[in-house]
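Set out below in structure tokens:
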């Protein structure tokens with residue numbers, strides 16, 4: 121991240137060291153579980169990066185090597201801080217502050233502390249927290265939310281002037297306090313210098329023997345600093361993920377947001393309940409998405425294209441006016457006005473020029489189809505270049521692999537290849553050439569020539585009667601002979 125040196129936001133600390141035992145995952149730490157095209161942590165860091173803080177530190181602990189590697193690849197500007205032992209949220213924040221101080225960073229200004237398992241938290245909500253914190257002149261500001269059912273959450277207690285007087289846990293609350301629907305998100309904005317001082321004064325005098333970040337609120341309030349609160353516009357922004365049930369719920373909520381954004385931008389989503397988007401999917405007005413469609417990665421839908429039903433597109437560009445039906449595509453380019461599917465498979469490197477066609481049960485890999493070129497049925501095109509206006513006959517295969525190396529097939533413009541052709545690469549078919557049905561083409565076909573590569577047919581009369589006597593086939597042949605003799 122290229123930090124904005126003039127940003128009013130001094131730092132954001134993302135706490136992501138926990139094990140997340142309720143996820144019951146052996147393969148991944150909790151914060152790396154994927155949701156709508158990013159990890160849980162990735163969503164949080166992406167939201168933070170929109171605010172351009174001067175410093176961004178992520179505290180890692182459990183499976184730190186995996187989390188650090190992920191950050192290095194996806195968010196190389198984040199400062200990784202290791203919490204050697206998971207001794208509470210206050211300890212994690214203190215480790216981050218001390219690491220920044222060791223780098224010579226002075227936390228002069230607002231510091232936000234948030235968590236790596238809140239994928240619905242938006243940059244807008246974090247920006248509001250920072251702005252309200254500065255405007256109210258608070259020592260610390262709590263991000264809160266009004267929820268329909270606050271059971272199990274810590275309740276926010278306020279004074280008449282709106283300041284926070286305390287946070288009481290559900291189990292410790294009175295009946296009157298339990299009626300409060302404003303809850304603590306655990307996300308805070310601090311004055312940087314006050315945060316460092318308060319963290320140094322936290323004790324482990326509690327049942328868990330840990331340092332709790334919430335203790336800083338009482339420390340600052342007792343010292344005479346105002347504790348404020350900002351209510352999130354959408355209470356779902358603050359939802360944290362603790363298990364896979366909550367992961368699925370968050371995925372649904374985030375997907376609904378992405379679909380709403382797409383529809384308000386002019387995309388027709390026929391059935392939102394069965395349509396899934398990743399956060400980096402982009403689109404233009406009048407694109408149509410039919411049911412059962414999943415758009416992943418950096419997939420782009422151009423104006424007026426139709427995708428679905430039952431498509432899965434990953435990092436794929438779909439051109440204006442193209443129609444893509446029941447297709448799986450990965451890192452493919454589908455040009456303007458193309459027709460793809462149903463039941464097509466476009467693998468990485470498949471590039472279809474304007475008005476090209478990849479039809480039913482067609483697989484294309486690392487190949488280019490020129491403008492108006494067609495592969496209509498039951499064919500495999502791998503490591504090939506197909507010229508403009510060429511038609512590939514049904515059941516054709518470019519035989520590109522010799523067991524060691526891949527080789528390329530080049531078929532020129534306006535060719536007509538017969539059904540059931542095998543093109544043994546490397547081989548070239550010239551412009552305007554034909555190939556006969558059933559041919560094995562392993563030599564160059566010159567422009568305008570007819571390539572024929574098949575054995576001459578011969579018929580062995582009476583073979584069925586001799587080799588398959590008494591079968592229905594033999595009976596049918598005998599009946600046909602009898603009718604021929606009568607005629």
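In the working numbering, the protein residues as written are 121 to 607. Glycine included, C-beta positions come from ideal geometry on N, C-alpha and C. This structure is a prediction, so every number in the text was calculated from the model and none was measured.
| Complete runs of the alpha helix (DSSP H) confined to the stretch 134-221 [at least 4 residues] | 160-169 and 184-194
| task | State the CB to CB distance for the pair residue 538 and residue 552, rounded to an integer number of angstroms; the pair is presumed to be in contact (CB under 8 Å). | result | So it is not a contact: roughly 15 Å between Cβ atoms.
| query | Closest by CA to residue 546, which one among 431, 528, 235 and 534? | reply | 528
| said: Counting C-beta neighbours from all protein chains within 10 Å, is the total for residue 131 16 or more, i.e. buried, or is it exposed? | reply: buried
| So, using beta-carbon positions, are residue 315 and residue 216 closer together than 8 Å? | no
| How would you call residue 331, buried or exposed, if buried means at least 16 neighbouring beta carbons within 10 angstroms? | buried
| said: Excluding the 5 residues flanking residue 498 on each side, which residues of the same chain have their C-beta closer than 6 Å to its C-beta? | reply: 481, 514 and 515
| residue 526 by DSSP, collapsed to three states: which one? | strand
| Does the separation of the CB atoms of residue 227 and residue 312 fall below 8 Å? | yes
| field | Entirely enclosed beta strand (DSSP E) segments - the stretch 213-262, minimum 3 residues | value | 230-235
| query | Going by the beta-carbon positions, is the gap between residue 275 and residue 302 smaller than 8 Å? | reply | yes
| query | When we look at the beta-carbon of residue 396 and count the other beta-carbons within 10 Å, is it buried (16 or more) or exposed? | reply | buried
| task | Drop a sphere of 10 angstroms on the beta-carbon of residue 570, count the other beta-carbons inside from all chains shown, and report buried for 16 or more, exposed for fewer. | result | exposed
| query | Per DSSP, residue 542 is paired with what? | reply | 517 and 560
| message | Nearest by alpha-carbon distance to residue 407: which of 422, 415 and 414 is it? | response | 422
| Looking only at DSSP bridge pairs, what is residue 457 linked to? | Bridge partners of residue 457: none, in fact.
| Nearest to residue 401 (by Cα), restricted to the options 415, 394 and 392 | 415
| task | Measure the beta-carbon distance from residue 279 to residue 285 and round it to whole angstroms, keeping in mind my assumption that it falls under 8 Å. | result | 5 Å
| query | Should the stretch 325-339 be called in touch with the stretch 239-256, which here means at least 3 C-beta pairs below 8 Å? | reply | no
| request: Name the one or two DSSP bridge partners that residue 487 has. | output: DSSP lists no partner for residue 487.
| said: Quick check: residue 305 and residue 358, are their CB atoms within less than 8 Å of each other? | reply: yes
| query | Candidates 356, 383 and 381: which alpha carbon is nearest residue 370's? | reply | 356
| request: Going by DSSP, name the residue or residues bridged to residue 275. | output: 288 and 303
| request: Measure the CB-CB distance between residue 443 and residue 426 and report whether it falls below 8 Å. | output: yes
| query | Under 8 Å between the Cβ atoms of residue 446 and residue 430? | reply | yes
| task | Between the Cα of residue 230 and those of 245, 212, 250 and 382, spot the shortest distance and give me the residue it belongs to. | result | 250
| request: Within the same chain, show all residues whose beta-carbon is closer than 7 Å to that of residue 373, passing over the 5 residues directly before and after it, in chain order. | output: 240 and 356
| What does a CB cutoff of less than 8 Å around residue 376 pick up in its chain, not counting 5 residues either side in sequence? | 392
| request: Would you identify the three-state DSSP class for residue 333, choosing helix, strand or coil? | output: coil
| query | With a CB to CB cut of under 6 Å and the five nearest residues on each side skipped, what residues in its chain are close to residue 584? | reply | 593, 594 and 597
| request: Quick one: residues in its chain with C-beta nearer than 7 Å to the C-beta of residue 334, no 5 flanking neighbours on either side, listed in chain order? | output: 287
| task | Identify the continuous alpha helix (DSSP H) that holds residue 475 and give its terminal residues. | result | Run containing residue 475: none; DSSP gives neither H nor E here.
| message | Judging by CA-CA distance, which residue of 541, 368, 388 and 490 is the nearest neighbour of residue 574? | response | 541
| field | Inter-residue Cα distance where the pair is residue 273 and residue 379 | value | 30 Å
| field | Cβ-Cβ separation, residue 157 to residue 417 (assumed contact under 8 Å), whole Å | value | 6 Å
| field | When 319, 388, 244 and 568 are compared against residue 351, the one with the closest alpha-carbon | value | 244
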